[in-house]
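Note that the numbering used here has the sequence shown beginning at 1, numbered continuously upward. Yeah, the Cβ is synthetic: ideal placement off N, Cα and C, and Gly gets one too. On a predicted model such as this, the values are computed, not experimentally measured, just so you know.
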Amino acid sequence: MLKRQPPKPPENIGVVITTYNSPLWLEKVLIGYEQQTFREFRVIIADDGSGSDTAEMVRKYQERGRLTIDHVWHEDQGFRKCQILNKAIRETECDYLIFTDGDCIPEPNFVATHARLARPGYFLSGGYIKLTMPVSELITEQHIRDGDIFSIDWLVAQGQPKTHKLTKLTRSAFRQKLMNTITPAAASWNGMNSSTWTKDLVAVNGFNEDMQYGGLDRELGERLWNYGHKSRQIRYTTVCLHLDHARGYAKPEIWEKNRAIRKAVKKHRTHWAENGIVKQRG
Numbered sequence: 001m002l003k004r005q006p007p008k009p010p011e012n013i014g015v016v017i018t019t020y021n022s023p024l025w026l027e028k029v030l031i032g033y034e035q036q037t038f039r040e041f042r043v044i045i046a047d048d049g050s051g052s053d054t055a056e057m058v059r060k061y062q063e064r065g066r067l068t069i070d071h072v073w074h075e076d077q078g079f080r081k082c083q084i085l086n087k088a089i090r091e092t093e094c095d096y097l098i099f100t101d102g103d104c105i106p107e108p109n110f111v112a113t114h115a116r117l118a119r120p121g122y123f124l125s126g127g128y129i130k131l132t133m134p135v136s137e138l139i140t141e142q143h144i145r146d147g148d149i150f151s152i153d154w155l156v157a158q159g160q161p162k163t164h165k166l167t168k169l170t171r172s173a174f175r176q177k178l179m180n181t182i183t184p185a186a187a188s189w190n191g192m193n194s195s196t197w198t199k200d201l202v203a204v205n206g207f208n209e210d211m212q213y214g215g216l217d218r219e220l221g222e223r224l225w226n227y228g229h230k231s232r233q234i235r236y237t238t239v240c241l242h243l244d245h246a247r248g249y250a251k252p253e254i255w256e257k258n259r260a261i262r263k264a265v266k267k268h269r270t271h272w273a274e275n276g277i278v279k280q281r282g
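As structure tokens, then:
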């Protein structure tokens, strides 16, 4: 009887971090990636038109040499997150991509967990915890290096509300597995903490550039499902801490447009984004 072969792990992992004119938050995030237990990955900063402050900060961390960083940028022409993400996908040589945001500090095993759980035909749906603005502002480089910020007691002592959401920081593997199983949340594509194979993102033509803020990540996941992908819930297995910020780009009319796009994707079981990485099929 033939032995079942273990799944082939990713060969080249990239962490795609979106950002726009938030160098102070992005710096805290990069410090978090410097603390990763798994070291064999690239950082791909998908920059939606930030100014020179962000470019200077990125150069600082490139020169520091603890991370391998690619800075993918385009000119600021308004909210074009899907466009810069597609550019990052198109230009990378990594075969597996983890997607997150420039305001999300990863826990030390973040990349290791995504690498360990990667499976053909799946995407992973991780978790995040939204911090208050006062807690976001007081976090220092030393707090990140010491791992203080991933302690429930430390966060509560700094003023973070003690809610059930903090249980995502549990260290118990049994509790993580249990909570992943019983959570009512769908294992949807979450732009702060999700990953899959680059070839499968290309197969659905990447992100839909008709989408703006509000559901653009979910829409990608829905097309991956239509393509035949399955998803795995790991929201309690690995998390990132989401630093607070204003959301001036959230507008009712944009949400309505995005909901209509997602409704059509579900109705017609569409997997290919017509306005994605490739603009016309060859």
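>> Bridge partners for Q233 per DSSP, in chain order?
In response: S125
> Residue range of the alpha helix (DSSP H) that S172 falls in?
Replying inline: No alpha helix (DSSP H) holds S172; DSSP gives it neither H nor E.
> When the Cβ atoms of the segment 21 to 28 are set against those of the segment 95 to 111, are three or more pairs found closer than 8 Å?
Replying inline: yes
> Closest to G121 by CA distance: which of R171, K230, R42 and D53 is it?
Replying inline: K230
>> Rounded to whole angstroms, what is the Cα-Cα separation between D70 and N205?
In response: Taking the straight line joining both Cα atoms gives about 22 Å.
> Which residues bound the beta strand (DSSP E) around L358?
Replying inline: This structure cannot settle anything about residue 358, because the visible part of the chain is limited to 1 through 282.
> Measuring CA to CA, which of L67, K81 and Y20 is closest to H52?
Replying inline: First, the residue type needs correcting, since residue 52 is Ser and not His in the sequence shown. It is Y20 whose Cα lies nearest to the Cα of S52.
> Should L138 go down as buried or exposed, given a rule of 16 or more other Cβ atoms within 10 Å for buried?
Replying inline: exposed
> Can you tell me whether DSSP reads H271 as helix, strand or coil?
Replying inline: coil
> Apart from the five residues on each side of it in sequence, which residues of its chain come closer than 8 Å, Cβ to Cβ, to R232?
Replying inline: L117, R119, Y122, F123, L124, S125 and A187
> To which residues does DSSP link A46 through a beta bridge?
Replying inline: Looking at the DSSP assignment, A46 forms a beta bridge with T18 and V72.
>> Taking only three categories from DSSP, how would you classify W197?
In response: Shown here, W197 sits in a strand according to DSSP, grouped into three states.
>> Within the continuous alpha helix (DSSP H) that includes P134, where are the two ends?
In response: M133 to L138
> Whose C-beta lies closer than 6 Å to the C-beta of I152 among residues of the same chain, with five residues either side of it excluded?
Replying inline: So the list reads L166 and L169, once near-sequence residues are dropped.
> Looking at the unbroken beta strand (DSSP E) that takes in P106, where does it start and where does it end?
Replying inline: C104 to P106
>> Going by C-alpha to C-alpha distance, which of I44, A112 and E219 sits closest to S238?
In response: Inspection of the sequence shows that residue 238 is occupied by Thr rather than by Ser. Of I44, A112 and E219, the residue nearest in Cα terms is A112.
>> Taking 8 Å as the threshold (C-beta atoms), are I129 and H245 in contact?
In response: no
> By the 10 Å Cβ neighbour count, where 16 or more other Cβ atoms means buried, how is F150 classified, buried or exposed?
Replying inline: Its Cβ being crowded by 16 or more others within 10 Å, F150 is buried.
> Can E209 and V265 be called in contact, C-beta distance under 8 Å?
Replying inline: no
>> Which residue marks the beginning of the alpha helix (DSSP H) containing T54, and which one marks its end?
In response: S52 to R64
>> My output table needs one value for T181: the three-state DSSP class, helix, strand or coil.
In response: helix
> Going by alpha carbons, who is nearest to I234 out of N190, W272, F41 and E34?
Replying inline: N190
> Nearest to R66 by CA position, among Q83, R42 and S50, is which residue?
Replying inline: Distance check between R66 and each of Q83, R42 and S50 places R42 closest, using alpha-carbon atoms only.
>> DSSP has C240 in a bridge; who is on the other side?
In response: P106 and Y128
> DSSP state of S13, grouped into three classes?
Replying inline: The question names Ser, but residue 13 in the sequence shown is Ile. If DSSP states are grouped into helix, strand and coil, I13 belongs with the strands.
>> Run through the DSSP bridge pairs and tell me what F41 is partnered with.
In response: I13
> Cβ of L97 within 8 Å of Cβ of F207?
Replying inline: no
>> Taking its Cβ as the centre, do 16 or more other Cβ atoms sit within 10 Å of F110, making it buried, or is it exposed?
In response: buried
> Alpha carbon to alpha carbon, how far is P10 from T198?
Replying inline: 10 Å
> How big is the Cα-Cα spacing for E91 and T68?
Replying inline: 15 Å
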